[in-house]
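Protein chains in written order, with this note's numbering: chain A, 465 to 896; chain B, 782 to 1139.
We put the CB at the ideal spot given by N, CA and C, even for glycine.
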Amino acid sequence: MNSPSSLKGLSPRSAFFVALATVSAGVLAAACQPNTTQAPTTTGGSPASSPAAAGNTVKIVSSLPMTGSSLGQTQTIVNGIKQVLEESNYGACTGKLKIEYEMMDDATAAAGKWDPAQVTSNANRAVSDPNVVAVIGTFNSGAAKLAIPILNTANVVMVSPANTYPGLTKPGKGEGKEPDVYYPNGIRNYARVVPADDLQGAAGANWAKTLGIKRVYILDDQELYGKGIADIFKSTAKNLGIEVLGHEGIDSKASDYKALMTKIKALNPDLIYFGGITQNNAGQLVKDMRNVGMTNDRVKFMGPDGIFEQALIDAAGKDAEGVMATFGGVPGSQLTGTGKTWYENYKKKYNAEPEAYAAYGYEAAQVVVQAINKVCKNDRAAIRDAVMATKDFEGVLGKWSFDANGDTTLSTMSGNVVKSSKYEFSQLLKAQ
Amino acid sequence: MKRWQSSLLYLGVAYLILLIGPLAGLDIPRIIGDIARSPDVLVQQILVGLVNGAIIAIIALGYTLVYGIIELINFAHGDLYMLGAFASLTVVGALGVQDGAPLQSSLLPMLAALVVASVFCAGVNMLTERYAYRPLRNAPRLAPLISAIGVSFIFINTGLFWGGLRAFFPIMGANAAAPKSFPDLLPRIDLLKQFGIQSNIAFTTKDLIVLVVAVVLMVSLHLFVQYTRLGKAMRATAQNRDAARMMGINVDLIIALTFLLGGALAGAAGLLVGLYNNTVVFTMGFTAGLRAFTAAVLGGIGNIIGAMLGGVLIGVLSALSDQYLSSRWTNAWVFAVLVIILAFRPGGLLGEKLQEKV
């Protein structure tokens, strides 16, 4: 009689909760399983613990904005990374090492673009997973500023396919103590396969000069990337004898720029240069510029690679015709040699034209995999050093090396113009 | 604080502004020189500001209406207007209207978009009221406010999802989150040139349509609230809910009606902005909402004419700041004016004069 009476004391309602609690506890335990089988997670900053982690699995993560309108670009970067890993069968050192890949999102829906808190949390997650040996990312230079120092103290290497802010690597090109502030342990752990803005801004100004531009008005989106590139464009343009009518930052959240464009129109420029990204309202700028009567045959609109994507054309509609964009590299369709083979493969595999950064995503993953192959064990510091020491690398972009700062030695860029709602390659540009 | 103390405080603020003035571009002689050199630019910017202000004012009406009745700052309103813009874009796209289509072929689709967007937003707003605000009506005031912020996030994500439905609506473009181009449908005939006045000032039919729609909406709303039976019931509910209920007014129905009206206005504003700025993006509600809310506060929240005044004031101030200062200071400048006005008139420009809150 005893045991049934204790059951009777349980009302149907609480019985339900007990059942629920049991089930959820089971689910939780199952969810925790992968973590408990791994080596105890050490707090970030003690890289020496990594050999303890079984040793035959390494993990590459990417931290890119996968929510928001950068998605067009970042998805093709991820495609490029996956292509590399599939080609190596997710393994290295003839099967001795297994390579895992995880895609992290550093954007939030509320922000519509990269979010500082998300970037930091991604970096910390990467550091605390002992298998992670390399991060591919970030897409935005502002995000790199936050991620590099966190990864640096844990000796995790970061290779960016898209950051172009000079101050991340080049002494004297940024502000104050840049770039040393990003490398607290004194050893460089960051490299990029794309040329920096000090080259791209200059290439833009050179292009404007060859097109016969005489009077330019410069705008920027007040972000690290946009303002940096606009400043370089400005100084180069001045040196080339182009008259700079003004330079100001825009409110990237404004719903329209008619007042601003009315003011610019009165100054009678023949080019408006916008240092910034599509997500900071470049499309609306183009629209309102045309709205107040600055037609493409009289006033051109030029921007950096931040507007070199289909999203800009979707945003600006028919007004996008004639918009010019520089790109710190060459579009996939213009690559030669191995690059051409890659371009064909990509198109076959994903059944789409690769966006501008796809080749750079592919190249970044190649460099990392190559370094893992050299080191052949789960050793963060050794893989970092191997990546940073990349010399005469024969990749899809051509033959290049990382210099002492972690910058690529490539400097060929391209100018692209929107024709019938598509960016078309226009000409090769030189930064000098 | 005594009167002389507060005067001293304002003097101090004025002195500070003069000090940092040149930094912020507040150098008066240069600005006066600019205006003297080209007065038509000033006129042009005031026109630009007027039209932008009218748009802000239409959105501000939604805030003011709801606040007037249940004293809730409906933070979701800006994002509801964004959903209205998406609804309009969907209708216009589904009816196959192309960029730059002539008015004969685009008029009906535009009217259809107006009806669909208004009905859609009115319905969504009523449902929101029923399920997110009504259960909290007697809760502490912060509870419905938080609820409104939550609804706002739901709307933002709905917009993001909606933008990704290119399989059904090709007009949404390749990328869910990217700004979408709204077809340019309103005729753009320069009115001044049409009347034979040669000048550098452009005032097109597009601007005129926005102004006229805004004024008509506001005047009819004002008349509705002041002179109809339902309007009277709304005002009674605003003054004292319990007393109104005792007088036989169905308070729940009246509040639902207010949300219906506010939603319909948001839908109409969504279409109007789509047609005027030609861009629709899922984040557009936040900034627009912030500005509209500011306009409502500036004019005296709960006051319809005040919302219009506040909207126009913000629009013109921003345009002038873009022209004569630098656009990077525009927001700071607009909100500084807000602070100063509220310091002198805490109830907003028209807040104290009119006792009634609707």
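Q: Measuring only between beta-carbons, confirm whether K698/A sits less than 8 Å from chain B.
A: Walking along the first sequence from the start, residue 698/A turns up at place 234. Chain B contact via Cβ: absent.
Q. For P659/A versus T872/A, is the C-beta distance shorter than 8 Å?
A. On the first sequence, position 195 is the one that residue 659/A refers to. On the first sequence, position 408 is the one that residue 872/A refers to. It is a contact, given that the beta carbons lie within the stated cut-off.
Q) How big is the Cα-Cα spacing for Q617/A and V623/A? A) Within the first sequence, the letter at position 153 stands for residue 617/A. Within the first sequence, the letter at position 159 stands for residue 623/A. A small fix is needed here, since residue 617/A is Thr in this sequence, not Gln. T617/A and V623/A: Cα-Cα distance of roughly 16 Å.
(Q) The beta strand (DSSP E) that contains Q405/A, what's its start and end? (A) This structure cannot settle anything about residue 405/A, because the visible part of chain A is limited to 465 through 896.
Q. Are any of the Cβ atoms in chain B nearer than 8 Å to that of S884/A?
A. Counting from one through the first sequence, the residue named residue 884/A turns up at place 420. Output row for S884/A: interface = no.
Q. Going by C-alpha distance, which of Y826/A, Y821/A and G792/A is nearest T802/A?
A. One-based indexing of the first sequence puts residue 802/A at position 338. If we check each option's Cα against that of T802/A, Y826/A comes out closest.
Q. For the ligand SAM, is there a heavy atom less than 7 Å away from the beta-carbon of M907/B?
A. With respect to small molecules bound, the structure shown includes none, and the ligand SAM cannot be examined in it.
Q.
Quick check on the burial criterion: 16 or more other C-beta atoms within 10 angstroms. Buried or exposed for R784/B?
A. Position 3 of the second sequence, counting from 1, holds the residue named residue 784/B. Result: exposed.
Q. So, is the C-beta of S470/A closer than 8 Å to a C-beta in chain B?
A. Within the first sequence, residue 470/A is the residue found at index 6, counting from 1. Note that S470/A has pLDDT 41, beneath the 50 cutoff, so the model's placement of it is unreliable and no number is given.
Q: Along the beta strand (DSSP E) that carries L683/A, what are the first and last residues, could you check?
A: In the first sequence, counting from the first residue as 1, residue 683/A sits at position 219. That run of the beta strand (DSSP E) goes R679 to D684.
Q. What residues in its chain sit with their C-beta under 6 Å from that of L683/A, if we drop five residues either side in the sequence?
A. The count along the first sequence starts at 1 and reaches residue 683/A at position 219. The residues are I714 and F738.
Q.
Against chain A, which members of the region 932 to 944 of chain B pass a CB distance test of less than 8 Å?
A. F934, I937, N938 and L941
Q.
Under 8 Å, CB to CB, which of the residues in the region 880 to 898 of chain B have a partner in chain A?
A. D880 and G881
Q) chain A beta carbons: is any one of them nearer than 8 Å to that of P960/B? A) As a position in the second sequence, residue 960/B is number 179, starting the count at 1. With 8 Å as the cut-off, P960/B counts as an interface residue toward chain A.
Q) Under a CB-based cut-off of 8 Å, is V531/A close to chain B? A) Locating residue 531/A in the first sequence gives position 67, counting from the first residue. Just to set this straight, residue 531/A is Thr in the shown sequence, not Val. Yes, its Cβ sits closer than 8 Å to a Cβ of chain B.
**Q.** Neighbourhood of I812/B by C-beta distance below 7 Å, restricted to the same chain and skipping five residues each side
**A.** In the second sequence, residue 812/B corresponds to position 31, counting from 1. Here the set comprises Y1105.
Q. Rounded to the nearest angstrom, how far is the Cβ of S887/B from that of V896/B, given a contact under 8 Å?
A. For the purposes of this step, residue 887/B is taken as the residue at position 106 of the second sequence. For the purposes of this step, residue 896/B is taken as the residue at position 115 of the second sequence. The Cβ separation is near 15 Å, so there is no contact.
**Q.** Distance between D880/B and N627/A (C-alpha atoms, nearest Å)
**A.** Within the first sequence, numbered from 1, the residue matching residue 627/A stands at position 163. Within the second sequence, numbered from 1, the residue matching residue 880/B stands at position 99. In a straight line, the C-alpha of N627/A is about 36 Å away from that of D880/B.
Q) Is any beta-carbon of chain B found at less than 8 Å from that of G897/A? A) No statement about residue 897/A is possible, as the shown extent of chain A runs from 465 to 896 and does not include it.
Q | Segment contact, 8 Å Cβ cut-off, at least three pairs: the region 1095 to 1113 of chain B with the region 866 to 884 of chain A | A | no
Q: May I have a chain-ordered list of the beta strand (DSSP E) segments no shorter than 3 residues that lie completely inside the region 755 to 835 of chain A?
A: 764 to 767 and 788 to 791
Q) Is it true that the CB of G1087/B sits closer than 8 Å to the CB of L1130/B? A) Taking the first residue of the second sequence as position 1, residue 1130/B is located at position 349. Taking the first residue of the second sequence as position 1, residue 1087/B is located at position 306. Contact flag set, yes.
Q: Could you tell me which uninterrupted alpha helix (DSSP H) segments, each at least 4 residues in length, are contained entirely in the region 1025 to 1076 of chain B, listed from first to last along the chain?
A: 1032 to 1058
(Q) Excluding the 5 residues flanking N744/A on each side, which residues of the same chain have their C-beta closer than 6 Å to its C-beta? (A) The sequence position of residue 744/A within the first sequence is 280, counting from 1. Contacts found: D685 and S716.
**Q.** Any chain D beta carbon closer than 8 Å to V822/B
**A.** Although the question refers to chain D, the structure presented lacks it and instead comprises the protein chains A and B.
Q: Work out the CA separation of A573/A and N938/B for me, nearest whole Å.
A: Residue numbering aside, residue 938/B sits at position 157 when the second sequence is read from its first letter. Residue numbering aside, residue 573/A sits at position 109 when the first sequence is read from its first letter. Looking at the two C-alpha atoms, the distance is approximately 7 Å.
Q: State yes or no: is the C-beta of K987/B within less than 8 Å of the C-beta of Y912/B?
A: Against the second sequence, residue 987/B aligns to sequence position 206. Against the second sequence, residue 912/B aligns to sequence position 131. The answer is no: Cβ separation not under 8 Å.
Q. DSSP on Y796/B, reduced to helix/strand/coil?
A. What you label residue 796/B is simply residue 15 of the second sequence in a count that begins at 1. The answer is helix: DSSP assigns Y796/B an H, G or I state.
(Q) For S719/A, would you say it is in contact with chain B, using Cβ-to-Cβ distances shorter than 8 Å as the test? (A) Here the question's residue 719/A lines up with position 255 in the first sequence. Cβ-Cβ to chain B under 8 Å: yes for S719/A.
Q. Leaving out the 5 sequence neighbours to the left and right, which residues in its chain are closer than 8 Å to Y944/A when beta-carbon positions are compared?
A. Since the first and last residues shown for chain A are 465 and 896, residue 944/A lies out of range.
Q. Between which two residues does the alpha helix (DSSP H) carrying N880/A extend?
A. Here the question's residue 880/A lines up with position 416 in the first sequence. Premise fails: N880/A lies in the beta strand (DSSP E), M877 to K883, not in any alpha helix (DSSP H).
Q: Measure from the C-beta of S726/A to each C-beta in chain B and report whether the shortest distance is under 8 Å.
A: Taking the first sequence and counting its residues from 1, one reaches residue 726/A at position 262. Residue 726/A is actually Thr in this sequence, not Ser. Yes - at least one Cβ of chain B is within 8 Å of the one on T726/A.
Q) How should Q1020/B be labelled, buried or exposed, when 16 other C-beta atoms within 10 angstroms of its C-beta is the threshold for buried? A) By 1-based counting over the second sequence, the position of residue 1020/B is 239. Q1020/B is exposed by the Cβ-count criterion.
**Q.** Selected residue, minimal CA-CA separation from H711/A, among S552/A, S699/A and G793/A
**A.** For the purposes of this step, residue 711/A is identified with residue 247 of the first sequence, where counting begins at 1. Nearest option by C-alpha distance: S699/A.
Q. Looking at the unbroken beta strand (DSSP E) that takes in W864/A, where does it start and where does it end?
A. Locating residue 864/A in the first sequence gives position 400, counting from the first residue. From DSSP, the beta strand (DSSP E) with W864/A extends over G862 to W864.
Q.
Going by DSSP, what residue range makes up the beta strand (DSSP E) through G601/A?
A. Within the first sequence, the letter at position 137 stands for residue 601/A. First-last of the beta strand (DSSP E) with G601/A: V596 to G601.
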